[in-house]
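> Mind having a look at this structure? Questions to follow.
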Ligand SMILES: [Zn+2]
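Residue numbers (the working numbering): 249 to 465.
Below, the structure written as structure tokens:
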């Protein structure tokens with residue numbers, strides 16, 4: 249990896265000769281002041297590609313947009329998502345939303361992990377609008393993540409928003425960093441869970457939830 253000093257040296261030598269052999273204008277810069285697209289262009293070069301060939305010309309632009317989308321959770325908050333979607337109720341039975349599809353990026357390799365989230369809670373006078381539950385998952389999934397933390401953050405967000413009697417979150421996911429890098433666990437599913445309140449203290453509640461998650465097992 250280039251240090252800032254090396255980049256400054258490149259900058260100085262580049263400003264002495266402002267074009268390369270092909271007549272392309274060099275845009276000398278430091279790592280910190282480089283645009284996202286310049287960084288992706290450099291990345292393509294470093295892995296042995298030619299970023300000026302046809303198929304790659306727009307790739308840095310697409311990578312920037314794609315990365316911004318996949319990490320847009322950093323610009324979102326649970327308060328924004330839930331601000332008009334908390335309702336008072338008398339209902340005190342389990343509320344469950346299952347098979348919520350999600351896509352995230354592992355923070356160790358920046359490779360996708362994806363799967364399904366199953367979320368349940370037992371209200372204490374308040375519920376969350378049902379359509380907001382998948383959005384809570386997305387706020388945290390669209391960041392660099394590890395599956396364990398994603399699971400906890402979703403549970404914590406629901407706990408903090410409506411203070412239910414309990415909340416349970418189960419996430420099942422496949423990790424491309426395991427599947428693509430020759431770990432040879434191609435079809436393995438990683439399952440994580442977070443059980444709080446009555447989901448932790450009452451076996452019956454937890455079992456009801458787990459049975460709803462996996463009725464066939
Ligand atoms: Zn990974």
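In this text, a Cβ means the ideal position worked out from N, Cα and C, and glycines have one as well. On a predicted model such as this, the values are computed, not experimentally measured, just so you know.
For the alpha helix (DSSP H) containing residue 334, list its first residue and its last residue.
Residue 334 -> not in any alpha helix (DSSP H); beta strand (DSSP E) instead, spanning 334 to 336.
> Using the C-alpha atoms, what's the distance from residue 392 back to residue 358?
One alpha carbon belongs to residue 358, the other to residue 392, and they sit about 7 Å apart.
> In the structure shown, what three-state DSSP assignment does residue 296 receive?
coil
> By alpha-carbon positions, which one of 400, 315, 301 and 296 ends up nearest to residue 285?
315
> Of all the options 452, 439 and 292, which has the alpha carbon lying nearest to the alpha carbon of residue 366?
439
> Report back the beta-carbon spacing between residue 336 and residue 377 to the nearest angstrom; my notes put them in contact at under 8 Å.
Not a contact, Cβ separation roughly 12 Å.
> Return helix, strand or coil for residue 378, following the three-state DSSP convention.
coil
> Which two residues bound the contiguous beta strand (DSSP E) that contains residue 349?
343 to 354
> Between the C-alpha atoms of residue 301 and residue 283, what's the straight-line distance to the nearest angstrom?
20 Å
> Do residue 352 and residue 389 have their C-beta atoms closer together than 8 Å?
yes
> Does the distance from the CB of residue 394 to the CB of residue 417 come in under 8 Å?
no
> Could you please go through the chain and list the residues whose beta-carbon is closer than 5 Å to any non-hydrogen atom of ligand 1?
354, 356, 357 and 425
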